[in-house]
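Following UniProt numbering, the numbering of the sequence shown begins with 1 at its first residue and continues without gaps.
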Amino acid sequence: MRVLLYSDLDTTSIPGFAKLRTALEADNFQQADVRKIGDNLYRARLNKRDRILFSLYRHAGETCCLILEYLRNHAYERSRFLAGVAEIEEDRIPRLDSPQEAQAEPLSYLHPQRERFHLLDKILTFDDEQEAIFTSPPPLMVIGSAGSGKTALILEKLKETIGEVLYVSLSPYLVSNARDLYYAHGYDNPDQSVDFLSFQELLESIRVPRGRQVTSQDFQRWFQRHRQGSGLSDPHKLYEEIRGVITGPVTERGWRSREEYLELGVKQSIFAEVERPRVYDLFERYLAFLDEEGLHDPNLVAHDYLDRVEPSYDFLVIDEVQDITNVQLYLILRTLREPGQFLLSGDANQIVHPNFFSWAGVKSLFFHERDLTGHGEVVRILHANYRNAPLVTALANRILKLKHARFGSVDRESNYLVRSAVEQSGQVKLLEDRESLKRELDSRTARSTRFAVVVLHPEQKAEARRWFRTPLVFSIQEAKGLEYDSVILYNAISTDAAMFQAIARGVDPEALEVDELSYRRAKDKHDKSLEIYKFFINALYVAVTRAVRHVYLVEAQPEHPVLRLLQVESLEGELQLEREDSTLEDWQQEARRLELQGKDEQAQAIREQVLGEQEVPWKVLDRAGFEALREQALTEDSKKQRLEVFEYALLHHHRPTLNTLAEVGFKPALNDEGKAIHQLHRNRFMNYGVNHPTAVLRDTERYGVDHRMRFNLTPLMIAARLGNVGLVAQLIDRGADPALVANNGFSALHFALEQAMLDDAFARQRLPGLYPLLAPTSLGVQVEGRLVKLDRRLMETFLLELLQTMFYRHFGPAAAWGNGYTAQDIEGWVARLPDSILSERRKRRQYLSSILSKNEIQREDRYNRKLFLRLRRGHYALNPALKLRDGKGWIDLHERFPLEDLGIRRLAENMSSREERIFGADFLRDRDRYQQDKLDALRRSLAVSQSEVP
């Protein structure tokens, strides 16, 4: 059996490893004492105390042993790959005598000679091109198609760096996904600190811009108001001209002047010279539109921030750089402390609307700005494709050959073809646009999340929806970044037959039979056909490469010259396609995935067309609704209403309501809170506590996975509060959003943490399963006008979540006495948490105190995140000037967690008669005044802190 080693594992210092390796290579599992201890996780015995952890995979008919980890002294609880497993009783686990007794998982690619492998969310071995890039020093420009493994390669390259590191891309979804891949299986590198930021977050980390970022939808709506009389008809074309040509370059004022724009050469603009004055007129109106609507353009902000940005990173990676303009690239590179410590990754062939990105343009920027690059740059190209099937890849290559034969090379770096490394050949079929065939195709694909319909233009989606019932209908711009098992291209060529006719004109079919593309420029530099037709040929390429295995081209003109040049095989006989219906759970997941990628239209279509989600039949109590109900209940003395108000107050720990109900003698409010909560859970949430919560899941299908209950809680919040780990996992799988908050500002994580702070058994038994499901990968807070992005791995992140959780139960009573959160308080709370959530080192009072003091508002420290306000020695509050993420905007900390909800003013009035007898009425009056003074002082402190924020 072949044995491979994890790239981070040093086996030279492992006693007895050579002997164990020999036994595994000889398939001698008896000698190695192999036992299965997890999902494709096995352990082998080195000696009486120490163990080796490995997995088994099968590739090219051979079983391979991949060594993952060395565990000293049976320390399974410290394993990266056994997270949450506290104890393994080895003697109770049966031995495996041979590899044949194990179920080895299939592996799509394994280098035939290399003995080291890498690991993100899955096993990786690099091909020769990838390995050459991995071992090359920066600066690097890595070019490769979708599916070439660019992102995996650059993330592994990132692991080799030390110091402060930045990963940035235009897509927030890509950034989030890259972060999760990077830290998969508990990866940790103490020698580095990595920030994963979208470009918008990078801008916000310098200074949060005024207003919301303008979107392409905003631009299209604005364009429709100015379309008439402009002489222009394509908003996407205008959008990319403004973005890539007028505001994209590095200029003195932030955009090209009218004179500079009108004097551009024929190859520097998508618009003809006669059209450019009208384009610039609209650009000036666009600037006014931004100002009127309170929106900002990232190009303009990037230019404004060039003087603000400071060198703060030792290394950076820019992923999908083809989507980033020159001024944005320039700003990013200026965050480097040392020139040249960067890696760029992208694929110019994936640009749909012309934005005038080219690798030559990037190199030109480097040439003129030598301080950015140091000694130079190295371009490396990845030719292998590990995603698209061979037939899909062959069609994509043929489109590139057509583009090359017709227009020449865009630049040297984009002049390459791709080879598929996928075993399944896939299918590419041309179907004539006939009603019967479309109905048949629709009947077999409409209920599957594995099929998507793609058209070239947004206005063509309506026609596609006439024939295809799937909600997964995308324009080509919307389809960017997506991938589906099968893609139906609906009249992508026939709708723009004249344009594609012009593309095909004069192309010799023999020119498409080459195996490599030779570099050559377009013959006529004044021929603008490349720019005019670039959208169509690029869009066709991007549409085809969205398909992993199958492409179906439905065309009204199956004899079109472009289709003949591409040699797409026509369907003969019956359509060989099995009907495939996805589950409702699959559709819920797909809706959530699309939402995260900003595809709100398709996500909503899934909810309406497939899931059939309805409005809840009850009235949801928001904060205003609760206040009205509370007033009514107290005024009218209605027991039913008062009970409902009491239940709401229990769930949200609304102390003013609990105090008031106790004052008016409402019996449930005078009883033990624990018993009242237990009764509330039985009355309201019994379905959430069972092992098979069928009724809850049925409601998520009927009303949506994030529907709101009467008290404005989502199913996920309730399941988290009750500690039902299995239900929480199912809801997350169905697309539930853990970031949503209740009326009191609590997320599902806060509800779970609150219960853990009240119940030791909950903390030990339930929270370890809940925490990794509910804790966000990062938190974005705004401090002094800047974004501070806190990764989940930071102690500051955990403290921020914990102190929000204890805002009502601890901070309110403490603040009444002029106190706040202390390291001693926190030490007591976290002591009950298992090590899988918080290590012993992080539970110690000294460590907690250091984190609090390091992040005080007034402390001068480069790494101070200014999260806490010191009320007095050892007592802290959350920085009252913090702003928290609220969807795409921001909300003040105490707008989400209102001070009025603490009920501080009532604390003295609720002293028991026993305390009054002991301390006397004078003491209580003095204490009441003292508490009110402290509350006023707290409010003054918070107000002063707020006013000090620039």
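Ideal placement from N, C-alpha and C gives every residue a C-beta, glycine not left out.
Since this is a predicted model, take the numbers as computed values, not measurements.
Give the single residue among the options whose Cα lies nearest to the Cα of residue i.
i: PRO898; options: ARG655, LEU155 and ARG702; result: ARG655
i: LEU884; options: GLN328, PRO509 and ARG786; result: ARG786
i: VAL544; options: LEU482, LEU517, LYS667 and ARG225; result: LEU482
i: PRO772; options: THR583, LEU838 and ASN819; result: LEU838
i: LEU611; options: LEU634, PRO471 and HIS236; result: PRO471
i: LEU119; options: LEU629, LEU5, GLN30 and VAL266; result: LEU5
i: TYR484; options: LYS461, VAL788, SER448 and LEU456; result: SER448
i: ILE351; options: ARG872, LEU400, GLU293 and PHE29; result: LEU400
i: ILE162; options: ASP195, SER169 and GLN557; result: ASP195
i: ILE532; options: SER836, HIS681, LYS267 and ARG766; result: LYS267
i: ALA591; options: ASP733, LEU66, GLU459 and HIS692; result: ASP733
i: LEU767; options: SER13, THR22, GLN755 and SER778; result: GLN755
i: ALA492; options: LEU437, CYS65, TYR167 and GLN460; result: GLN460
i: ASP281; options: PHE315, ALA75 and ARG227; result: ARG227
i: GLU900; options: LEU571, ILE826 and PHE811; result: PHE811
i: PRO112; options: GLU62, ILE93 and THR135; result: GLU62
i: LEU584; options: ASP699, LEU563 and PHE535; result: ASP699
Counting C-beta neighbours from all protein chains within 10 Å, is the total for residue i 16 or more, i.e. buried, or is it exposed?
i: THR822; result: buried
i: LEU758; result: exposed
i: ASN349; result: buried
i: GLU916; result: Note on GLU916: pLDDT 43, under 50, position unreliable in the model; no value is reported.
i: PHE17; result: buried
i: MET806; result: buried
i: GLU909; result: Reliability of the predicted coordinates at GLU909 is poor, the pLDDT of 40 falling under 50, and no value is obtained from them.
Would a check of beta-carbon distances place residue i closer than 8 Å to chain D?
i: SER205; result: Looking at the structure shown, chain D is missing, and only one protein chain is on hand.
Does any heavy atom of the ligand NAD sit closer than 7 Å to the C-beta of residue i?
i: SER747; result: Absence of the ligand NAD is noted for the structure shown, with no ligands found whatsoever.
Under DSSP, the alpha helix (DSSP H) around residue i begins and ends at which residues?
i: VAL728; result: 725-733
i: HIS226; result: 216-226
i: LYS48; result: Careful: LYS48 lies outside any alpha helix (DSSP H) and carries neither H nor E.
i: ARG655; result: 655-663
i: ILE718; result: 715-722
i: residue 952; result: Residue 952 is absent from the structure shown; the chain starts at 1 and stops at 950.
i: ARG258; result: 258-262
i: LEU848; result: 845-854
i: GLU284; result: 276-293
May I ask you to report which of helix, strand or coil DSSP gives residue i?
i: LYS36; result: strand
i: ALA104; result: coil
i: VAL455; result: strand
i: GLY889; result: strand
i: GLU115; result: coil
i: GLY828; result: helix
i: PHE315; result: strand
i: THR63; result: strand
i: GLN576; result: coil
i: SER839; result: coil
i: LEU553; result: strand
i: ASP180; result: helix
i: LEU300; result: helix
i: ALA18; result: helix
i: LEU5; result: strand
i: ILE154; result: helix
i: ASN326; result: helix
i: GLU435; result: helix
List the endpoints of the continuous beta strand (DSSP E) containing residue i.
i: HIS875; result: 875-878
i: GLU164; result: 163-169
i: PHE868; result: 868-872
i: LYS789; result: 786-791
i: MET141; result: 140-144
Check whether the segment 148-159 touches the segment 116-131, counting contact only when three or more Cβ pairs, one atom from each stretch, lie closer than 8 Å. yes
So, does the segment 201-221 touch the segment 253-261, judging by three or more C-beta pairs under 8 Å? With a cut-off of 8 Å on Cβ pairs, the segment 201-221 is not in contact with the segment 253-261, counting fewer than three such pairs.
Please determine if the segment 497-516 and the segment 404-413 are in contact, where contact requires at least 3 C-beta pairs separated by less than 8 Å. yes
Under 8 Å: do the segment 292-304 and the segment 328-341 share three or more Cβ pairs, one atom per stretch? yes
Cβ contact (3+ pairs, closer than 8 Å) linking the segment 192-209 and the segment 613-620: no
Under 8 Å: do the segment 156-175 and the segment 573-591 share three or more Cβ pairs, one atom per stretch? no
Between the segment 558-575 and the segment 419-438, do at least 3 Cβ pairs fall closer than 8 Å? Judged by Cβ distances under 8 Å, the segment 558-575 makes contact with the segment 419-438, as three or more pairs qualify.
Cβ contact (3+ pairs, closer than 8 Å) linking the segment 633-647 and the segment 869-879: They do not touch, by the three-pair rule.
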